[in-house]
Structures are given as C-alpha cells and as structure tokens.
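S.K.: Protein chains in written order, with our numbering: chain A, 30 to 141; chain B, 7 to 116.
Glycine included, each C-beta is placed from N, C-alpha and C at the ideal position.
Since this is a predicted model, take the numbers as computed values, not measurements.
Once you've had a glance at the structure underneath, I'll fire off some questions.
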C-alpha cells in the first residue's frame, strides 16, 4: 500500500476485556515498530520486529501485552485484561532498517 | 536510558517569522535523528532524517542540524506560515528504536 495503515482507528472497550490492534506496514519494509502515546506523555517504544521475529520487546509494559507478525507483513498487538491506564494512542511504524520510520495514523484505545 | 528534551514546550509566532526549535539528548551514541510533525488527532509525518555522520539536512523551508558531541539538534523553519501550526517531535534513533521528546507545540498567527 501507499502508507502504513492501522485498524481500528478508534476502539472503546470495557476494563478486563481483550483487544487486538492491527498494523499493515508499507510493502517491502522489513522492520516494524509499535509505540504508545499516552495523554501528557511522550511516545514510548513498545516492540520492534525484523521480519517475523521480535529481537527487542523490552518496551512492553507488562505480560498482558503481546505482539506477533506474520508473513513479514501484518502485525497484531494484543492487550489482555485491559486496564484504564492502557488508554492511549497506539502507533505503528515501518522502515527499511536503518532508515526513516514511517508512521500509521494510530489506533485510539479507550478503556472504560 | 536516553533522555530527549525539547524546549520550548509551546510557542506562538506571527506569520513570516522564522521558527527555531531545539532538541537535546543525553546519550550521543545514536544512529540518526529524525524530526516529525504531528497534527491534532493524526499520526506522525516525517520531516527530516539526519544520519549520525551528517551535520545537517535541508528540505524546502526546513533545515535541521545535528551536533552529536554536544547532544543537540535544531529544527529551523523559515518564513513560517499558518499551515506550519502543529506539534514538532524530535526522535533519536538507537538500537532499532526511536526515543522521543515531548514535542514543541507551535502556533503561527496569521
């Protein structure tokens, strides 16, 4: 595709439910990244994929967070048993390592 | 841990004035530095990427400099326009991740 796409654009869920966020990177980009932007906070790194493997998942805040990437393309970020502090905008980026990271529009997650 | 600071947090300038946005970082062992623009409710748009071996990059009215040894970068926007109103984010590339500052929120007054 022309750019990085993410779905859904908005997600409202109840505390304790699981959510899945999807990222479609730019075709041919081998590297994929997830970041989180919380209100009043800067963007924080969550996880990095090179191909289908995740050599750096050190930014995942707890074991409720997991991510996978299949076919060297689409990635899914899963948050289990959501908490109110998980409310944030989740941004995905892709790149030809090491080069400019291109970001998607983000998924705004609200946990009630 | 890399700390990225952007000063000022917010600024307003009249149309036509030049904008100077500052970014500082604590660890000079970086691969590159990237400046982004973020509009309200939107994702990030990459403006300029400076590799660690470079001193500056230019694109149109935008110029970004990098002084790795002192841990500083400056984004310079010439002849500002109302359409330049946005939040500008500085991000330091290291170990396959970006470390972001909290941004400079810019308003250009017509």
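1. Give every residue of the same chain whose Cβ lies closer than 6 Å to the Cβ of residue 130 (chain A), excluding the five residues on either side of it in the sequence, and list them in chain order.
2. Return the CA-CA distance between residue 53 (chain B) and residue 79 (chain B), expressed in angstroms with no decimal places.
3. Drop a sphere of 10 angstroms on the beta-carbon of residue 113 (chain A), count the other beta-carbons inside from all chains shown, and report buried for 16 or more, exposed for fewer.
4. Hey, out of A:135, A:117 and A:128, whose CA is closest to residue 42 (chain A)'s CA?
5. List the residues of chain B whose Cβ lies closer than 7 Å to the Cβ of residue 132 (chain A), in chain order.
6. Do we get a CB-CB distance below 7 Å when we pair residue 119 (chain A) with the residues of chain B?
7. Applying the criterion that 16 or more other CB atoms from any shown protein chain within 10 Å of the CB defines a buried residue, is residue 38 (chain B) buried or exposed?
8. Identify the continuous beta strand (DSSP E) that holds residue 40 (chain A) and give its terminal residues.
9. Using a Cβ-Cβ cutoff of 9 Å, what residues of the region 67-84 of chain B are near chain A? List them in chain order.
10. Within the same chain, show all residues whose beta-carbon is closer than 7 Å to that of residue 66 (chain A), passing over the 5 residues directly before and after it, in chain order.
11. Going by other Cβ atoms of all chains shown within 10 Å of its Cβ, with 16 needed for buried, is residue 73 (chain B) buried or exposed?
12. Apart from the five residues just before and just after residue 81 (chain A), which ones in its own chain have a Cβ nearer than 7 Å to its Cβ?
13. Report the rounded CA-to-CA distance for residue 11 (chain B) versus residue 23 (chain B), giving the unit in angstroms.
14. Output needed for residue 88 (chain B): all residues of its chain with C-beta closer than 7 Å, excluding positions within five of it in sequence on either side, in chain order.
15. Residue 26 (chain B) to residue 110 (chain A), Cα distance in whole Å?
16. If we call anything under 7 Å between Cβ atoms a contact, is residue 93 (chain B) one with residue 40 (chain B)?
17. Could you tell me which chain B residues have their CB closer than 8 Å to the CB of residue 129 (chain A), listed as they occur along the chain?
18. Given this structure, state the Cα-to-Cα distance separating residue 33 (chain A) from residue 32 (chain B), to the nearest angstrom.
19. Mind listing the chain A neighbours of residue 104 (chain B)? Cutoff is C-beta to C-beta under 9 Å, in chain order.
20. For residue 86 (chain B), count neighbouring C-beta atoms within 10 Å of its own C-beta (all shown protein chains included) and say buried if the count is 16 or more, exposed if not.
21. Using a Cβ cut-off of 7 Å, pull out every chain A residue sitting near residue 108 (chain B), in sequence order please.
22. Since residue 62 (chain B) contacts residue 71 (chain B) with CB under 8 Å, what's their CB separation in whole angstroms?
23. Taking Cβ positions only, does residue 135 (chain A) come closer than 7 Å to chain B?
M.R.: For this structure:
1. Within the same chain, residue 130 (chain A) has close Cβ partners 122 and 124.
2. Each residue's alpha carbon lies about 14 Å from the other.
3. Classification for residue 113 (chain A): exposed.
4. Taking only the C-alpha atoms, the option nearest residue 42 (chain A) is A:117.
5. Result: 49 and 50.
6. Interface annotation, residue 119 (chain A): not in contact with chain B, CB-CB separation never under 7 Å.
7. By the neighbour-count rule (16 or more Cβ atoms within 10 Å), residue 38 (chain B) is buried.
8. It spans 39-42 - the beta strand (DSSP E) in which residue 40 (chain A) sits, taken as one unbroken run.
9. Cβ contacts with chain A come from no residue of the region 67-84 of chain B.
10. Cβ neighbours of residue 66 (chain A) within its own chain (closer than 7 Å, five residues either side excluded): 72, 117, 118 and 120.
11. So residue 73 (chain B) ends up on the exposed side.
12. Taken in chain order, the residues that qualify are 98, 99 and 101.
13. Cα-Cα distance, rounded: 24 Å.
14. Beyond the five residues adjoining it in sequence on each side, residue 88 (chain B) comes within less than 7 Å, by CB distance, of 21, 114 and 116 in the same chain, given in chain order.
15. Here the C-alpha atom of residue 26 (chain B) lies approximately 44 Å from the C-alpha atom of residue 110 (chain A).
16. Not in contact: residue 93 (chain B) and residue 40 (chain B) (Cβ atoms no closer than 7 Å).
17. The CB of residue 129 (chain A) comes closer than 8 Å to the CB of 40, 52 and 55 in chain B, given here in chain order.
18. Going by C-alpha positions, residue 33 (chain A) is about 30 Å away from residue 32 (chain B).
19. Under the 9 Å cutoff, chain A gives 62, 64, 72, 74, 122 and 130.
20. By the 16-neighbour rule on beta-carbons within 10 angstroms, residue 86 (chain B) is buried.
21. Here the neighbours are 71.
22. Going by Cβ atoms, the distance from residue 62 (chain B) to residue 71 (chain B) rounds to 4 Å, so yes, they are a contact pair.
23. At a cut-off of 7 Å between beta-carbon atoms, residue 135 (chain A) makes contact with chain B.
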